[in-house]
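To keep things clear, I will list the structure first and then write my remarks on it.
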Amino acid sequence: MVDFLVALTIVLAFLSTFFLTPVWIKMAKKQHLTGKDMNKISNKSVAEAGGIAVVAGFVFAALIYIGIQTFIFKDTTQLTNILAILVTILIITIIGLLDDILGWKKGLKQWQKPLLTIPAAIPLMMVNVGTSTMNLPFLGNVDFGLLYPLLLIPLAIVGTSNGYNMLAGHNGLEAGLGVIILSFMGYVAWISGLGWLALLSFCMASALLAFLVFNWYPAKVFPGDTLTYSVGALIGIVAIMGNMEKIAIILFIPFFIELFLKAKYKFKTENFCTPNKDNTLSLPKGNIYSVCHLSLASLFKIFYGNFACFYMCCWFLTLIFR
Numbered sequence: 001m002v003d004f005l006v007a008l009t010i011v012l013a014f015l016s017t018f019f020l021t022p023v024w025i026k027m028a029k030k031q032h033l034t035g036k037d038m039n040k041i042s043n044k045s046v047a048e049a050g051g052i053a054v055v056a057g058f059v060f061a062a063l064i065y066i067g068i069q070t071f072i073f074k075d076t077t078q079l080t081n082i083l084a085i086l087v088t089i090l091i092i093t094i095i096g097l098l099d100d101i102l103g104w105k106k107g108l109k110q111w112q113k114p115l116l117t118i119p120a121a122i123p124l125m126m127v128n129v130g131t132s133t134m135n136l137p138f139l140g141n142v143d144f145g146l147l148y149p150l151l152l153i154p155l156a157i158v159g160t161s162n163g164y165n166m167l168a169g170h171n172g173l174e175a176g177l178g179v180i181i182l183s184f185m186g187y188v189a190w191i192s193g194l195g196w197l198a199l200l201s202f203c204m205a206s207a208l209l210a211f212l213v214f215n216w217y218p219a220k221v222f223p224g225d226t227l228t229y230s231v232g233a234l235i236g237i238v239a240i241m242g243n244m245e246k247i248a249i250i251l252f253i254p255f256f257i258e259l260f261l262k263a264k265y266k267f268k269t270e271n272f273c274t275p276n277k278d279n280t281l282s283l284p285k286g287n288i289y290s291v292c293h294l295s296l297a298s299l300f301k302i303f304y305g306n307f308a309c310f311y312m313c314c315w316f317l318t319l320i321f322r
């Protein structure tokens, strides 16, 4: 019965996102919440903030899971933790939506984004999620006590949400990376006996898979900060509650490289490439300003036509898991 509940919840996350995304695309276009694909010559408008549909599908599936656990199985063991997670995701989604609505050129300033994501960590701080004792290299087990909920938890949420937001801008990239990272972390949680945490990871991965149907090249909808913030925050949450901080650090290596490249150019560069008339992508001004550009240079410009973003995502996944 438990396996059936897990499968049901994951399927619900996929189906709800799959059916909600086209609805959101129509709504976004009607409200002129659209943008241009900077990696294509075409001026066709594409719906923005598609992460709304993903978060809605994820939250809906999670609430169904809570309802079944509470009223059928009479199990409320992890109810507080799950609700804290959902509130955190909703808060950070609202922050991302604010940035999407203001526009990526007129949106929040770089220094404002980390500050505004701090409140999203408050629900997790209040229920004191995770374990305050961490095993650190050369130091062994260290108990951080009150510093853990008051300092480390908000740092983790702010770091993962904003870090994940940096590596974006190509069709299928943000959602594709989220599927792989959360599926892997969900598997680790599952074999560690944290079935409920694994379920939340798989639910978001499932919702992202449904979103990819519309976000893959050529994208009909962009994820926006609503998706990158929420997925990044969930990665941080799973790392904290599953004691996977080391795993999360390894998985975030491409994002650390991105941070270094962005800092090198004082955060004034973008991840976009220069589109050519034959559908190929070239390095902007022949330079590398992002991991996206590094991938393009490393693969000797084999990104062609409809396979452009497919190879981009595959390269990132190779970087993560090899």
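First residue of the sequence shown? That's 1 in the UniProt record's numbering, and the numbers climb one at a time after it. Idealized CB from N, CA, C, for every residue including glycine. Note that the structure is a prediction, hence the values are computed from the model and not measured.
Just list the residues that DSSP pairs L136 with in beta bridges. Within the sequence shown, numbered from 1, the residue matching residue 136 stands at position 136. DSSP, once it has assigned bridges, lists G140 as partnering L136.
Exposed unless 16 or more other CB atoms sit within 10 angstroms - verdict on G305: Along the sequence shown, read from residue 1 onward, the residue named residue 305 stands at position 305. Per-residue confidence for G305 stands at a pLDDT of 41, beneath the threshold of 50, marking its modelled position as unreliable; the derived number appears in the next sentence. Exposed is the call here.
Unbroken stretches of the alpha helix (DSSP H), 4 residues or longer, contained in the stretch 64 to 137: 79 to 102, 112 to 117, 122 to 126
Taking its Cβ as the centre, do 16 or more other Cβ atoms sit within 10 Å of M126, making it buried, or is it exposed? Here residue 126 refers to the residue found at position 126 of the sequence shown. By the neighbour-count rule (16 or more Cβ atoms within 10 Å), M126 is not buried but exposed.
When you compare each of E174, W196, S201, G172 to F184 by their alpha carbons, which one comes out closest? Position 184 of the sequence shown, counted from the start, is the residue given in the question as residue 184. Of the listed residues, the one whose Cα sits closest to F184 is S201.
What does the Cβ neighbour count give for L139, buried or exposed, with the cut at 16 atoms within 10 Å? Your numbering for residue 139 matches position 139 in the sequence shown. Its Cβ having fewer than 16 others within 10 Å, L139 is exposed.
According to the neighbour-count rule (16 or more other Cβ atoms, all chains shown, within 10 Å of its Cβ), is D100 buried or exposed? If you number the sequence shown from 1, residue 100 lands on position 100. Classification for D100: buried.
Is it the case that the stretch 203 to 222 contacts the stretch 247 to 267, given that we only count it when at least three CB pairs across the two stretches are under 8 angstroms? no
Starting from A263, follow its DSSP beta bridges and name the residues at the other end. By 1-based counting over the sequence shown, the position of residue 263 is 263. DSSP lists no partner for A263.
With DSSP run on the structure shown, which of helix, strand or coil describes S45? Along the sequence shown, one-based indexing puts residue 45 at 45. Residue state, collapsed to three classes: strand.
Once DSSP output is grouped into helix, strand and coil, what is the label at K220? As a working mapping, residue 220 is identified with position 220 in the sequence shown. In this structure, K220 counts as coil in the three-state DSSP scheme.
How about the stretch 219 to 226 and the stretch 88 to 97: do they share at least three Cβ pairs that are nearer than 8 angstroms? yes
Tell me whether N162 is buried or exposed, calling it buried when 16 or more other Cβ atoms sit within 10 Å of its Cβ. Position 162 of the sequence shown, counting from 1, holds the residue named residue 162. N162 comes out buried.
Using only the alpha-carbon positions, how far apart do H32 and K26 sit? Numbered from 1 along the sequence shown, position 32 holds the residue referred to as residue 32. Numbered from 1 along the sequence shown, position 26 holds the residue referred to as residue 26. Going by the C-alpha atoms only, they are around 10 angstroms apart.
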